[in-house]
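K.L.:
Here's a structure for you.
Protein chains: 2
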Amino acid sequence: MKRIALLGCGSMGTQIALTIDSNDFPAVLTHVYDASKAASSSLVEKLNNKPEIVENSHLLSSQHIDIVVEAASQDAVKDVALSVLQNKKDLMIMSVGALLDESIYDILSDACKDFKKTIYLPSGAIAGLDGIKSVKSELESLSITTTKHPRSLKGAKFFENSDINLDKIDSITTIFDGTAKEAVSLFPANINVAALLSLTGIGSKQTKVRILADPNTDKNTHHIEASGKFGKMTFTIENFPDKNNPKTSRLAILSAIETLKKYCSDEIQIGT
Amino acid sequence: MKRIALLGCGSMGTQIALTIDSNDFPAVLTHVYDASKAASSSLVEKLNNKPEIVENSHLLSSQHIDIVVEAASQDAVKDVALSVLQNKKDLMIMSVGALLDESIYDILSDACKDFKKTIYLPSGAIAGLDGIKSVKSELESLSITTTKHPRSLKGAKFFENSDINLDKIDSITTIFDGTAKEAVSLFPANINVAALLSLTGIGSKQTKVRILADPNTDKNTHHIEASGKFGKMTFTIENFPDKNNPKTSRLAILSAIETLKKYCSDEIQIGT
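For the record, the sequence lines run as chains A and B.
First residue of the first sequence? That's 4 in this note's numbering, and the numbers climb one at a time after it.
First residue of the second sequence? That's 4 in this note's numbering, and the numbers climb one at a time after it.
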């Protein structure tokens with residue numbers, strides 16, 4: 004029975020906590036923390052097995068637990084990830100964008116080896132990372148094209164220096180065409196997908212990102228192309244938003260839960 | 004440093020052994036077995052760190068090792084898998100078709116829980132299993148269409164009761180359209196891919212398989228479609244054959260090596 008601590012009691016954290024509470028796999032949620040005391044209290048109220056609310060995020064990994072699940076923010080990752088490993092606990096990270104900072108990635112990668120602990124990054128709103136990491140050493144090109152409704156792109160930093168009027172788009176329109184490194188700062192809502200793909204493959208400078216606006220779609224679609232000596236892979240993932248949290252794809256929540264389930268279970272584990 | 008025993012010293016086993024021998028990840032190959040003494044001797048000769056050749060396959064898991072890697076045959080899986088787990092060792096299986104026998108799957112799944120050990124199944128010649136297992140509970144349909152050159156289909160049991168003459172095919176032709184359960188007995192060369200997809204998703208009776216012959220292709224192409232409440236995923240994997248073993252896709256070898264590397268390393272692990 005694995006003992007889990009949860010950092011972040013928002014929509015994603017709540018769905019993970021409710022799944023653990025349903026006893027679907029051998030795990031118990033023992034401790035939680037959220038910067039908002041109201042959020043953590045509200046979560047605990049919903050659960051049958053009440054976890055303890057700790058006073059600050061660093062107190063999660065000093066408890067008798069196996070893994071800390073981060074569902075908070077990039078800043079939370081930067082703040083606690085290293086101390087989780089130093090406290091000899093595993094870590095699952097949802098805010099993957101934090102690892103695009105190479106110095107942070109290297110520090111955490113070394114810490115995994117030093118403390119013999121593992122950081123888990125679920126596949127998020129995309130899929131096919133099993134294939135991409137297998138062919139990593141032979142990859143010649145890697146790209147992702149994301150298509151969303153114009154309203155889902157609103158507020159992105161990109162539009163501060165652009166003439167594009169999202170309200171006037173009446174057919175599929177290319178908004179951005181560049182590298183993952185450029186994309187993550189200009190389109191924060193896309194950061195986890197671009198970061199995951201970059202980290203799995205050939206890095207954010209060599210990974211191409213295109214962002215399209217489609218006024219006639221109700222889904223977020225990611226189209227990934229990878230090619231090299233092994234052959235070629237193309238993956239198209241059409242995601243409906245989660246009904247509890249329209250900003251998140253249903254798949255992102257399901258892949259987080261599946262990753263945690265795999266961690267907690269002695270089982271036949273399918274997939275690279 | 005993980006200690007690895009290898010069951011099967013053919014082409015796949017040899018490539019895995021050479022990778023371990025190259026010290027690419029923290030592992031050492033300590034014991035090997037092959038039904039052909041010549042095959043095991045020939046493999047040992049190629050390695051810098053010489054593993055011990057054991058006298059029979061059951062002696063692999065009674066050694067001081069962490070994991071047995073099977074790269075032999077379905078029969079070998081049926082013969083040794085349970086005793087590997089009973090000896091408290093992990094197991095990586097390449098001949099995944101063996102698990103389509105439901106009684107074997109259930110016995111091994113229970114044994115993983117009883118002995119707190121894990122069986123690993125690499126993604127093989129396909130990809131996207133991270134996504135499919137995440138949405139397993141919401142899957143409404145799952146299919147795979149495999150396209151190969153007619154010569155790659157020769158010798159399949161299917162043709163014993165078919166009028167199709169593979170030598171006369173001059174354009175893309177549908178050879179088979181049915182369930183994975185039917186396909187695995189009729190097309191043995193396709194068994195691992197169909198078995199993997201069935202086990203990941205909704206079982207071999209509900210997984211659709213189509214097999215096409217294309218006289219103008221030099222690749223094996225797998226096209227997977229999965230749909231449900233979450234949305235839809237399509238994966239197209241175009242594989243070149245491995246140059247050392249034309250019957251195997253390069254990706255199948257790379258995914259086996261990646262799975263083993265992940266098992267052996269304390270690292271940041273990407274993907275569900």
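We put the CB at the ideal spot given by N, CA and C, even for glycine.
Closer than 8 Å, Cβ to any Cβ of chain A: which residues of the region 219-242 of chain B, in chain order?
P.N.:
222, 232, 233, 234, 235, 236, 237, 238, 239, 240, 241 and 242
K.L.:
Do the region 261-272 of chain B and the region 157-166 of chain B make contact, defined as three or more Cβ pairs closer than 8 Å?
P.N.:
no
K.L.:
In angstroms, rounded to a whole number, what distance separates the CA positions of residue 141 (chain A) and residue 234 (chain B)?
P.N.:
31 Å
K.L.:
If I measure Cβ to Cβ from residue 183 (chain A) and keep anything under 6 Å in the same chain, skipping five residues before and after, which residues do I get?
P.N.:
Cβ neighbours of residue 183 (chain A) beyond the five flanking positions: 197, 201, 207, 210 and 212.
K.L.:
In whole angstroms, what is the alpha-carbon distance linking residue 111 (chain A) and residue 81 (chain A)?
P.N.:
10 Å
K.L.:
Which of the three DSSP states, helix, strand or coil, is assigned to residue 223 (chain B)?
P.N.:
Residue 223 (chain B): strand per DSSP, three-state reduction.
K.L.:
Give, in chain order, every unbroken run of the alpha helix (DSSP H) that is at least 4 residues long and sits entirely within the region 50-100 of chain B.
P.N.:
77-89
K.L.:
Let's test the definition: count the other Cβ atoms within 10 Å of the Cβ of residue 225 (chain B) and tell me whether it reaches 16, buried, or not, exposed.
P.N.:
buried
K.L.:
Counting contacts by CB-CB distance shorter than 9 Å, is residue 18 (chain A) in contact with chain B?
P.N.:
no
K.L.:
For residue 4 (chain A), does the count of other Cβ atoms within 10 angstroms reach 16, so buried, or fall short, so exposed?
P.N.:
exposed
K.L.:
Nearest CA to the CA of residue 186 (chain B): which residue from B:45, B:214, B:176 and B:171?
P.N.:
B:214
K.L.:
For residue 252 (chain A) versus residue 125 (chain A), is the C-beta spacing smaller than 9 Å?
P.N.:
The Cβ atoms of residue 252 (chain A) and residue 125 (chain A) do not sit closer than 9 Å to each other.
K.L.:
Quick one, are the C-beta atoms of residue 19 (chain B) and residue 72 (chain B) less than 9 Å apart?
P.N.:
yes
K.L.:
With which residues is residue 179 (chain A) paired in a DSSP beta bridge?
P.N.:
For residue 179 (chain A), which the question treats as bridged, DSSP gives the partners A:214.
K.L.:
Are three or more beta carbon pairs between the region 94-110 of chain B and the region 37-49 of chain B nearer than 8 Å?
P.N.:
no
K.L.:
Among residues of its own chain, excluding the 5 on either side of residue 230 (chain B), which ones have a beta-carbon nearer than 7 Å to its beta-carbon?
P.N.:
143 and 144
K.L.:
Between the C-alpha atoms of residue 86 (chain A) and residue 94 (chain A), what's the straight-line distance to the nearest angstrom?
P.N.:
10 Å
K.L.:
Using a 10 Å radius around the Cβ and a threshold of 16 neighbouring Cβ atoms, would you call residue 29 (chain A) buried or exposed?
P.N.:
Exposed, by the Cβ-count rule.
K.L.:
At the 9 Å Cβ level, is residue 161 (chain A) part of the contact set with chain B, yes or no?
P.N.:
no
K.L.:
Determine the direct distance from the alpha carbon of residue 17 (chain B) to that of residue 177 (chain A), and round the result to whole angstroms.
P.N.:
48 Å
K.L.:
List, in order along the chain, the chain B residues whose C-beta lies closer than 8 Å to that of residue 6 (chain A)?
P.N.:
Those do not exist, as residue 6 (chain A) stays about 16 Å from chain B at its closest Cβ, beyond 8 Å.
K.L.:
Locate the beta strand (DSSP E) running through residue 272 (chain A), then write down its first and last residues.
P.N.:
271-273
K.L.:
Following the continuous beta strand (DSSP E) through residue 10 (chain A), name the residue where it begins and the one where it ends.
P.N.:
Its beta strand (DSSP E) spans residues 5-10.
K.L.:
Along the region 130-146 of chain B, where does the CB come closer than 7 Å to a CB of chain A? Name the residues.
P.N.:
130, 131, 132, 133, 134, 136, 137 and 138
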